[in-house]
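Under my numbering, the residue at position 23 of the sequence shown is numbered 253, and the numbers go up by one with no gaps. The beta-carbon is built from N, C-alpha and C at its ideal position, and this holds for glycine as well. For reference, the structure discussed in these notes is given below.
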Amino acid sequence: MAADVSVIVPAFNAASTVAAAVQSALNQSVPPIEVIVVDDGSSDDTAHVAAACGPRVQVIRQANGGPGAARNAGIRAARGSWIGLLDADDTWMPTKLERQLTLDTDPHIGIIACLSDKPGQACPPEIGFDQLWDSNLLVNSTVLLRRAAWDAVGHFDEARALISVEDYNLWLRVSAAGWRILTQQEVLARYTRGVGISSNARRLLAASLFNLTQIERALSVPAPRVRARRIATMDSFAGGALHERDMPLARELGKGLVRTDPTPARLARLAVSYAPSQVLDAKRRVSRFFTQDGPPQLFGQPVKPVDPRLDQPVLLVIIDAEEEFDWSIVPSVTSGIKAMRHQVKAQRIFERFGCVPTYAVDYPVAAQREAFAPLLEYLQSDACEIGTQLHPWLNPPIEEELCERNSFPGNLPRALEQAKLRILTDVIETNLGVRPMVYRSGRYGLGPNTSELLAELGYRIDCSVRPHFASNGDGGPDYRGAYDRPFWLDTGQTVLELPVTVGMTGSLARYPRLLGPATHPGLRRLRLGGALARAGLLDRIQLTPEGTRLDEAKRLTRTMLADGHRLLVVNYHSPSLQPGNTPYVRNDADLQRFLAWLEGYFAFFLGEIGGRMGRPDAIYAAAARARDGDAAAAPC
Numbered sequence: 231m232a233a234d235v236s237v238i239v240p241a242f243n244a245a246s247t248v249a250a251a252v253q254s255a256l257n258q259s260v261p262p263i264e265v266i267v268v269d270d271g272s273s274d275d276t277a278h279v280a281a282a283c284g285p286r287v288q289v290i291r292q293a294n295g296g297p298g299a300a301r302n303a304g305i306r307a308a309r310g311s312w313i314g315l316l317d318a319d320d321t322w323m324p325t326k327l328e329r330q331l332t333l334d335t336d337p338h339i340g341i342i343a344c345l346s347d348k349p350g351q352a353c354p355p356e357i358g359f360d361q362l363w364d365s366n367l368l369v370n371s372t373v374l375l376r377r378a379a380w381d382a383v384g385h386f387d388e389a390r391a392l393i394s395v396e397d398y399n400l401w402l403r404v405s406a407a408g409w410r411i412l413t414q415q416e417v418l419a420r421y422t423r424g425v426g427i428s429s430n431a432r433r434l435l436a437a438s439l440f441n442l443t444q445i446e447r448a449l450s451v452p453a454p455r456v457r458a459r460r461i462a463t464m465d466s467f468a469g470g471a472l473h474e475r476d477m478p479l480a481r482e483l484g485k486g487l488v489r490t491d492p493t494p495a496r497l498a499r500l501a502v503s504y505a506p507s508q509v510l511d512a513k514r515r516v517s518r519f520f521t522q523d524g525p526p527q528l529f530g531q532p533v534k535p536v537d538p539r540l541d542q543p544v545l546l547v548i549i550d551a552e553e554e555f556d557w558s559i560v561p562s563v564t565s566g567i568k569a570m571r572h573q574v575k576a577q578r579i580f581e582r583f584g585c586v587p588t589y590a591v592d593y594p595v596a597a598q599r600e601a602f603a604p605l606l607e608y609l610q611s612d613a614c615e616i617g618t619q620l621h622p623w624l625n626p627p628i629e630e631e632l633c634e635r636n637s638f639p640g641n642l643p644r645a646l647e648q649a650k651l652r653i654l655t656d657v658i659e660t661n662l663g664v665r666p667m668v669y670r671s672g673r674y675g676l677g678p679n680t681s682e683l684l685a686e687l688g689y690r691i692d693c694s695v696r697p698h699f700a701s702n703g704d705g706g707p708d709y710r711g712a713y714d715r716p717f718w719l720d721t722g723q724t725v726l727e728l729p730v731t732v733g734m735t736g737s738l739a740r741y742p743r744l745l746g747p748a749t750h751p752g753l754r755r756l757r758l759g760g761a762l763a764r765a766g767l768l769d770r771i772q773l774t775p776e777g778t779r780l781d782e783a784k785r786l787t788r789t790m791l792a793d794g795h796r797l798l799v800v801n802y803h804s805p806s807l808q809p810g811n812t813p814y815v816r817n818d819a820d821l822q823r824f825l826a827w828l829e830g831y832f833a834f835f836l837g838e839i840g841g842r843m844g845r846p847d848a849i850y851a852a853a854a855r856a857r858d859g860d861a862a863a864a865p866c
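Okay, structure coming up:
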């Protein structure tokens, strides 16, 4: 049955993207009653491409009037009581309308939005006017707009001076008129950052300031409040211009702010804007170097720690659900998929202890039904979650040289890492019916582009950082200085890093950097790390049944809890469930010890420690509340 939704797609010279946008609307699990494409004076084949998408697509052609005028024209022709707004270069995920319409429980709801994969986007479940006034929290292509609300507030403002913020103008008027704005807390839309109007800082600044003038008049907002918002907007653009080294704009805004409302910080920023860019870049590099022991960093970029404020110790289980291959040869292109059927041995234990593990699936498992069939059974009973694991040498497109360095996904060129990750994500969604939100980089191989790519594809959690370990001798990352608690992996604070649980025990545990020289690739033969461990001075332990004894895991847990950790992550490789596939489980006796480890550790964690099992989405929600400054965030 179709949803009572008309989808409106304004399009200007969008022949290369409009078909994908339209098809994503037509392919909804609950389809709309119609899709209306408004060709806003294009000079290319936009109208022809849109019309070719099928009989459910209506094309309206008009002279160029801007996106507001195009949306108004489409809505006037629409039959639905809900209007789905979709830009011609964005796309929807298949269940977007279905999931959003579950929130349609009150006739006073004027907008139902959702999350997108736009870096930095975060929305509370319900958005009030004050929150919208401070920031435009809504991405246009996430919005379902009630037709009655559009009628009531007077449509999109078609003023050309508002182009690029005409949607924000409407959201403010809808909220001020008393309509509720809700957000489905799922990533259901894919956002494309264009190179046009929204990417032009001066154009966007002018439109933003003009919007404040329009809203002040339309809603009678008090002048002091408008003035404060105007200054905050200029402050934001001035800081952005300085960061992007747009010195003319930084100076222009800086002078205006100093004249309007001088503060020491603004005076300092104005002075800095006159420094040569080369000097500022050098300062940035030096600052990053000397803050390595301060705020955590990865690949030269700062990351922000976050405390999810857990009410008791929480345990996650992340499984590398992968093919069997020869561990002595990396990359090994010879592999099998028989081991996945043996995962039931551990799954029974998980279910007995109330644990819902996340299977981080790689391409050979995701692409072959024999491998992923057991996971489908677990999914049907909500007994597992599905994540992603990228092994480049087995994941198309295979365009790179097959060598050890390229077995770490983050070493690949950005476009190739992106292509592999997108293909893997889509295969998982197609075959397993879920969009993964958790990522594990094969061989723990994050790179400088990975966090941005994860954000673009809608991932919310990464579990690739392995503290106190370094694989730089083999061409991989060095995590010896990595933060070992949850932190935001990207600068937009949308991708949450949940590091592998690795800790240091022993009398020198407060000095983990001592292990660095001991494990340097050039000194491996001396086995200094083993000597430190045997002497009880410094021991590195990972929370896993693979190579870690149960008594060591308990000792690690007590040490980390005493140090303030509240979230622990157990990790292992799925081939270990079939003897002979990994160095950790060579025979049936090893397998029995492996399974006994799981039972013994879970009983210890839930009983003696008083912890509980967790799920990634709840951890993310708690971290997001902490990020957004909710001091009263409820425990997840």
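Cα separation between A378 and P452? Working through the sequence shown from its first residue, we reach residue 378 at position 148. Working through the sequence shown from its first residue, we reach residue 452 at position 222. Roughly 28 Å between the two C-alpha positions.
A590 and A551 - do their beta-carbons sit closer together than 8 Å? The residue labelled residue 551 in the question sits at position 321 within the sequence shown. The residue labelled residue 590 in the question sits at position 360 within the sequence shown. Yes, they are a contact pair.
G640 versus L472: straight-line alpha-carbon distance, rounded: Here residue 640 corresponds to residue number 410 of the sequence shown, with the count starting at 1. Here residue 472 corresponds to residue number 242 of the sequence shown, with the count starting at 1. One C-alpha to the other measures close to 29 Å.
When the Cβ atoms of the region 589-606 are set against those of the region 653-673, are three or more pairs found closer than 8 Å? yes
Taking the beta carbon of G524 as the centre, do at least 16 other beta carbons fall within 10 Å, making it buried, or is it exposed? What you label residue 524 is simply residue 294 of the sequence shown in a count that begins at 1. Annotation note: pLDDT 48 at G524 (below 50); position unreliable, no value reported.
Among R578, R447, T660, G584, nearest to V595 - alpha-carbon criterion: Within the sequence shown, numbered from 1, the residue matching residue 595 stands at position 365. Per the Cα distances, T660.
With contact counted as at least three CB pairs below 8 Å, one residue from each stretch, are the region 707-724 and the region 680-696 in contact? yes
State yes or no: is the C-beta of A407 nearer than 7 Å to some heavy atom of the ligand COA? This structure simply doesn't include the ligand COA, nor any ligand for that matter.
Cα separation between A685 and S371? As a position in the sequence shown, residue 685 is number 455, starting the count at 1. As a position in the sequence shown, residue 371 is number 141, starting the count at 1. So the alpha carbons of these two residues sit roughly 17 Å apart.
Among T332, N801, R539, which residue has its Cα nearest to the Cα of R673? Within the sequence shown, numbered from 1, the residue matching residue 673 stands at position 443. Answer by Cα proximity: N801.
First and last residue of the beta strand (DSSP E) that includes S671? Within the sequence shown, the letter at position 441 stands for residue 671. Start and end: 668-671.
Enumerate in chain order the residues of its own chain whose CB-to-CB distance from P805 is below 6 Å, with the five nearest sequence positions on each side excluded. For the purposes of this step, residue 805 is identified with residue 575 of the sequence shown, where counting begins at 1. Around P805: E554, A569, N811, T812.
Pull the bridge partners of D344 from the DSSP assignment, please. What you label residue 344 is simply residue 114 of the sequence shown in a count that begins at 1. It should be pointed out that residue 344 corresponds to Cys in this sequence rather than to Asp. Partner(s): Q414.
Considering Cα atoms alone, identify which of H795, F440, N243 is closest to P535. Position 305 of the sequence shown holds residue 535. Cα-wise, what sits closest to P535 is H795.
Going by the beta-carbon positions, is the gap between D356 and V260 smaller than 8 Å? Sequence index remark: in the sequence shown, residue 356 carries index 126 (1-based). Sequence index remark: in the sequence shown, residue 260 carries index 30 (1-based). It is worth fixing the name first, because residue 356 is Glu in this sequence and not Asp. Not closer than 8 Å, so no.
Cβ neighbour criterion (16 or more within 10 Å) applied to L545: Numbered from its first residue, the sequence shown carries residue 545 at position 315. L545 comes out buried.
Excluding the five sequence neighbours on either side, which residues of its own chain have a C-beta within less than 8 Å of the C-beta of R499, listed in chain order? Residue 499 sits at position 269 when you count from the first residue of the sequence shown. Excluding residues within five positions, the ones whose Cβ falls inside 8 Å are A468, G469, L472, A480, G484.
Alpha carbon to alpha carbon, what distance is there between V235 and A245? Counting from 1 along the sequence shown, the entry for residue 245 is found at position 15. Counting from 1 along the sequence shown, the entry for residue 235 is found at position 5. Each residue's Cα considered, the two are about 24 Å apart.
Are M790 and L780 touching if we call contact CB-CB under 8 Å? As a working mapping, residue 790 is identified with position 560 in the sequence shown. As a working mapping, residue 780 is identified with position 550 in the sequence shown. Going by C-beta atoms, M790 is not nearer than 8 Å to L780.
Near D491, which residues of its chain fall below 6 Å by C-beta distance, leaving aside the five closest residues on each side in sequence? Counting from one through the sequence shown, the residue named residue 491 turns up at place 261. Closer than 6 Å at Cβ, skipping near neighbours: I461.
Excluding the 5 residues flanking G752 on each side, which residues of the same chain have their C-beta closer than 6 Å to its C-beta? Working through the sequence shown from its first residue, we reach residue 752 at position 522. Residue confidence is low: G752 scores 47 on pLDDT, short of 50, so the model does not pin down where it sits. No coordinate-derived value is stated.
Over what stretch of residues does the alpha helix (DSSP H) that includes D781 continue unbroken? For this step, residue 781 is matched to residue 551 along the sequence shown. Segment 780-792, the alpha helix (DSSP H) holding D781.
Between I290, R459, G777, R690, which lies nearest to A308 when the distance is taken from Cα to Cα? On the sequence shown, position 78 is the one that residue 308 refers to. Checked all of I290, R459, G777, R690; the closest Cα to A308 is I290.
Quick check: the Cα distance between P747 and D397, rounded to an integer number of angstroms? As a position in the sequence shown, residue 747 is number 517, starting the count at 1. As a position in the sequence shown, residue 397 is number 167, starting the count at 1. The predicted model places P747 with a pLDDT of 47, which falls under 50 and marks its position as unreliable, so this point remains unresolved.
List the endpoints of the continuous alpha helix (DSSP H) containing R306. Working through the sequence shown from its first residue, we reach residue 306 at position 76. Counting along the chain, the alpha helix (DSSP H) containing R306 begins and ends at 297-306.
Run the CB neighbour count on N441, radius 10 Å, all protein chains shown included, and call it buried at 16 or more, exposed below. Residue numbering aside, residue 441 sits at position 211 when the sequence shown is read from its first letter. Under this definition N441 is a buried residue.
Around the Cβ of Y850, are there at least 16 other Cβ atoms within 10 angstroms (buried) or fewer (exposed)? In the sequence shown, residue 850 corresponds to position 620, counting from 1. Y850 is buried by the Cβ-count criterion.
Near A863, what residues of its chain come up, given a Cβ to Cβ distance below 8 Å and the 5 sequence neighbours on each side ignored? As a working note, residue 863 is residue 633 in the sequence shown. In this prediction, A863 has a pLDDT of 35, which is less than 50 and means its spatial position is unreliable; what the coordinates show is noted afterwards. R539, A852, R855, A856.
Cβ-based burial, H621 [other Cβ within 10 Å; buried from 16]: For the purposes of this step, residue 621 is taken as residue 391 along the sequence shown, with counting starting at 1. H621 is buried by the Cβ-count criterion.
Beta-carbon contacts of T325 that lie in its chain and below 6 Å, excluding the five residues immediately before and after: Within the sequence shown, residue 325 is the residue found at index 95, counting from 1. Cβ neighbours of T325 beyond the five flanking positions: S259.
Would you mind stating whether M477 and S503 have Cβ atoms separated by less than 8 Å? Counted from its first residue, the sequence shown places residue 477 at position 247. Counted from its first residue, the sequence shown places residue 503 at position 273. Yes, the Cβ-Cβ distance between M477 and S503 is below 8 Å.
Measuring alpha carbon to alpha carbon, tell me which residue in G617, N679, T335, Q330 is nearest I691. Looking up residue 691 in the sequence shown gives position 461. Of the candidates G617, N679, T335, Q330, the one whose C-alpha sits nearest the C-alpha of I691 is G617.
Hey, L374 and Q330 are a contact pair by Cβ (cut 8 Å); roughly how many whole angstroms apart? The residue given as residue 374 occupies position 144 in the sequence shown. The residue given as residue 330 occupies position 100 in the sequence shown. Going by Cβ atoms, the distance from L374 to Q330 rounds to 5 Å, so yes, they are a contact pair.
One question on the structure: do L687 and L651 come within less than 8 Å of each other, judged by their Cβ atoms? For the purposes of this step, residue 687 is taken as residue 457 along the sequence shown, with counting starting at 1. For the purposes of this step, residue 651 is taken as residue 421 along the sequence shown, with counting starting at 1. Yes.
Assuming D336 contacts R410 (C-beta within less than 8 Å), just tell me the rounded distance between them. The count along the sequence shown starts at 1 and reaches residue 336 at position 106. The count along the sequence shown starts at 1 and reaches residue 410 at position 180. Correct: roughly 7 Å between the Cβ atoms.
Alpha carbon to alpha carbon, how far is V533 from R518? Give it in angstroms, no decimals. The count along the sequence shown starts at 1 and reaches residue 518 at position 288. The count along the sequence shown starts at 1 and reaches residue 533 at position 303. Any reading at R518 must be qualified, since the residue scores a pLDDT of 45, below 50, and its modelled position is unreliable; the value itself is stated next. Approximately 11 Å between the Cα atoms of the pair.
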